[in-house]
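Everything on this sheet refers to the single structure shown next.
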Amino acid sequence: MTVRNRAELRRNPHLECRLRVGWGGPAGFGSGRDRDRLELLADVATLADLQTIERCLECGHRSPLKPDAGTVGPLPVITFPTLPTPEQNLSWIPAQFVPESRVRRGVLSTALIVMVLVAGIAGAVSVTPMLEAQPADEASVGTDWEEYDSIVIFRNDDIQPWYNQEEMRAVDDVFIEQEVPVTLGIIPDTNESAPLTDDPELCDYLQSLEADHPEQFEMAIHGTTHEPVTDFYGASEFGGLSEAEQRERLAEGEALLADCVDSPSSTFIPPMNTYDTTTVEVLAESNYTAVSGGQWFTDQYYETDNETYFRAGGLTHVPETQSFEDWSAYEETGGDDSDVPFHDLETLTDSFDASHERNGVHVVMLHYQYFTSDERLEKLDSLIEHMQSEDDVGFLTIEQFAEGLENGTVEETDDGWRVLEPIEAVDR
Numbered sequence: 103m104t105v106r107n108r109a110e111l112r113r114n115p116h117l118e119c120r121l122r123v124g125w126g127g128p129a130g131f132g133s134g135r136d137r138d139r140l141e142l143l144a145d146v147a148t149l150a151d152l153q154t155i156e157r158c159l160e161c162g163h164r165s166p167l168k169p170d171a172g173t174v175g176p177l178p179v180i181t182f183p184t185l186p187t188p189e190q191n192l193s194w195i196p197a198q199f200v201p202e203s204r205v206r207r208g209v210l211s212t213a214l215i216v217m218v219l220v221a222g223i224a225g226a227v228s229v230t231p232m233l234e235a236q237p238a239d240e241a242s243v244g245t246d247w248e249e250y251d252s253i254v255i256f257r258n259d260d261i262q263p264w265y266n267q268e269e270m271r272a273v274d275d276v277f278i279e280q281e282v283p284v285t286l287g288i289i290p291d292t293n294e295s296a297p298l299t300d301d302p303e304l305c306d307y308l309q310s311l312e313a314d315h316p317e318q319f320e321m322a323i324h325g326t327t328h329e330p331v332t333d334f335y336g337a338s339e340f341g342g343l344s345e346a347e348q349r350e351r352l353a354e355g356e357a358l359l360a361d362c363v364d365s366p367s368s369t370f371i372p373p374m375n376t377y378d379t380t381t382v383e384v385l386a387e388s389n390y391t392a393v394s395g396g397q398w399f400t401d402q403y404y405e406t407d408n409e410t411y412f413r414a415g416g417l418t419h420v421p422e423t424q425s426f427e428d429w430s431a432y433e434e435t436g437g438d439d440s441d442v443p444f445h446d447l448e449t450l451t452d453s454f455d456a457s458h459e460r461n462g463v464h465v466v467m468l469h470y471q472y473f474t475s476d477e478r479l480e481k482l483d484s485l486i487e488h489m490q491s492e493d494d495v496g497f498l499t500i501e502q503f504a505e506g507l508e509n510g511t512v513e514e515t516d517d518g519w520r521v522l523e524p525i526e527a528v529d530r
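Our numbering applies: residue 103 is where the sequence shown begins, and numbers increase by one.
Next comes the structure, spelled out in structure tokens:
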């Protein structure tokens with residue numbers, strides 16, 4: 103047989119078999135023709151790849167060929183353990199309990215094997231639901247839409263160093279016990295003489311609120327020094343200042359707040375509840391999402407008509423709609439800071455009821471330092487319980503509300519609100 107080229111060998115696999123077995127036997131593999139055969143075989147990996155030395159798969163010829171140099175060695179040998187005899191299966195049982203009859207010993211051995219198999223299957227079945235019930239990681243927490251007739255937001259202003267700390271904690275405890283979120287308005291440097299960072303105990307406390315009650319306490323900046331720098335709309339720290347001055351004040355306050363709390367929010371609460379369009383521009387450039395002044399101010403400055411929230415200048419404006427303190431009565435008493443009067447409970451509940459009936463956003467402003475008695479704390483507690491008795495009221499922070507409107511997790515409907523819960527943390 104004459105092989106003209108490698109292409110012919112590839113077209114006719116039977117040639118490979120005949121070359122492998124060698125016409126003339128092993129002794130014939132010394133001639134030039136035989137060397138040609140070996141060169142052709144070098145291009146064909148059928149037998150080497152299969153690592154067999156017994157039979158050519160194409161033509162059935164057998165040959166005791168050895169793998170060429172450099173090819174993979176023989177497949178590993180697979181061995182199987184020797185199964186124990188029925189007598190060995192029963193070796194662990196005391197002799198007095200082993201039957202003498204060989205047949206009975208076999209039956210007993212088989213029964214024990216079946217019992218072990220059944221126990222294993224039962225264990226797997228019982229463990230499967232437990233594995234499926236393992237809690238999912240935080241990233242896979244499910245969310246669902248909740249329907250509400252109205253939204254309530256609490257805003258607690260004037261958090262500052264060394265000032266009425268006992269009252270502050272007592273007010274916070276009311277919100278913790280009622281499981282109601284609240285926006286804290288934190289002053290970074292009160293009157294430019296009391297920076298937050300000079301009171302590490304306060305900062306530690308605020309950080310503990312963030313850690314122990316996530317999503318419940320919003321850490322919002324409440325101006326920078328809380329001073330009436332201008333007479334804009336009666337008094338303002340920011341309104342009426344130049345853009346550069348407002349930007350500088352804001353940056354100073356942000357730096358102090360960031361050194362005190364872990365997660366400063368994207369809400370700005372202007373002192374005296376007043377601000378201007380320049381304030382809004384500076385806030386928008388700094389990635390704030392909400393500003394919360396006073397409704398009396400926004401109705402005049404933005405010419406709104408008792409709107410509880412609106413968009414302007416790239417921010418959501420969420421003004422306070424009800425103050426816990428009765429400031430009119432405060433002015434009549436001559437302005438005694440130690441005893442600012444509160445509205446009576448009926449006034450507070452009626453205000454909420456009116457907002458709830460029209461499916462509104464009800465923002466209650468309070469100042470913790472005036473909750474100086476158990477009676478005043480009970481009034482706050484009673485107001486929250488009255489709100490919760492409606493069963494269809496959503497409680498949010500300012501940031502949760504504003505950010506939710508922006509990203510679509512809070513929606514106003516024809517007869518109320520839809521909120522995608524649980525509310526997630528917001529990073530500014």
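No residue lacks a Cβ here, since even glycine has one placed at the ideal position from N, Cα and C.
Asked: Cβ-based burial, proline 283 [other Cβ within 10 Å; buried from 16]; Found: buried
Asked: Cα-Cα separation between glycine 341 and serine 367, rounded to whole angstroms; Found: 21 Å
Asked: Beta-ladder partner(s) of glutamine 532, from DSSP; Found: Shown here, the chain extends from 103 to 530; a query on residue 532 therefore has no answer.
Asked: For leucine 485 and leucine 447, the rounded distance between their alpha carbons; Found: 7 Å
Asked: Boundaries of the alpha helix (DSSP H) in which serine 457 is found, first to last residue; Found: 447-459
Asked: contact_flag[the stretch 474-485, the stretch 508-515] where n(CB pairs < 8 Å) is 3 or more; Found: no
Asked: Paired residues, beta bridge with alanine 296 - DSSP; Found: Thr292
Asked: Rounded Cβ spacing between isoleucine 255 and isoleucine 289 (contact assumed at less than 8 Å); Found: About 20 Å separates the two Cβ atoms, so there is no contact after all.
Asked: Span separating the alpha-carbon of proline 302 from that of arginine 257; Found: 23 Å
Asked: Whether valine 273 touches phenylalanine 503 by CB criterion (8 Å); Found: no
Asked: C-beta atoms of histidine 445 and phenylalanine 454 nearer than 8 Å; Found: no
Asked: Beta-bridge pairing of histidine 324 - partner residues as DSSP gives them; Found: In the DSSP output, where bridge partners are listed per residue, histidine 324 has none listed.
Asked: N- and C-terminal bounds of the beta strand (DSSP E) containing valine 512; Found: 512-515
Asked: Glycine 124 (DSSP reduced to helix, strand or coil); Found: Note that glycine 124 has pLDDT 44, beneath the 50 cutoff, so the model's placement of it is unreliable and the number below is only indicative. It is coil, neither helix nor strand.
Asked: Buried/exposed call for threonine 380, threshold 16 Cβ in 10 Å; Found: buried
Asked: Three CB pairs or more closer than 8 Å across the stretch 290-310 and the stretch 323-336; Found: yes
Asked: Option nearest methionine 489 by Cα separation, candidates Ile253, His315 and Ser475; Found: Ile253
Asked: For valine 521: DSSP bridge partner residues; Found: Glu248 and Val512
Asked: Integer Cβ distance of aspartate 393 from valine 382, believed to fall under 8 Å; Found: Sequence inspection shows valine at residue 393; the aspartate mentioned does not correspond to that position. Sure, about 6 Å apart at Cβ, within 8 Å.
Asked: Boundaries (first-last residue) of the alpha helix (DSSP H) holding glycine 355; Found: 345-362
Asked: Cα-Cα separation between aspartate 275 and histidine 315, rounded to whole angstroms; Found: 11 Å
Asked: Start and end residues, beta strand (DSSP E) containing threonine 418; Found: 417-419
Asked: For asparagine 258, the three-state DSSP class (helix, strand or coil); Found: strand
Asked: Cβ-Cβ separation, proline 373 to glutamate 339 (assumed contact under 8 Å), whole Å; Found: 5 Å
Asked: Chain-order list of residues whose beta-carbon lies under 6 Å from that of glutamine 280 (same chain, five-residue window excluded); Found: Ile486
Asked: contact_flag[the stretch 298-313, the stretch 353-366] where n(CB pairs < 8 Å) is 3 or more; Found: yes
Asked: Chain-order list of residues whose beta-carbon lies under 6 Å from that of threonine 499 (same chain, five-residue window excluded); Found: Pro283, Thr285 and Glu320
Asked: Test item: CB-CB of aspartate 333 and methionine 467 under 8 Å; Found: no
Asked: Nearest to glutamine 424 (by Cα), restricted to the options Gln318, Glu405, Arg413 and Ala456; Found: Ala456
Asked: Exposed unless 16 or more other CB atoms sit within 10 angstroms - verdict on phenylalanine 426; Found: buried
Asked: Residue closest to glutamine 397, alpha-carbon to alpha-carbon, out of Glu409, Glu387, Glu347 and Glu513; Found: Glu409
Asked: Separation of valine 495 from glycine 462, as counted between CA atoms; Found: 10 Å
Asked: Member of Ala337, Trp264, Glu345 and Asp452 whose CA lies at the smallest distance from the CA of cysteine 305; Found: Trp264
Asked: Alpha-carbon spacing of aspartate 517 relative to glutamate 248, whole angstroms; Found: 13 Å
Asked: Straight-line Cα distance separating leucine 417 from glutamate 350; Found: 20 Å
Asked: Of the listed residues Thr369, Trp519, Leu359 and Phe370, nearest to glutamine 309 (C-alpha basis); Found: Leu359
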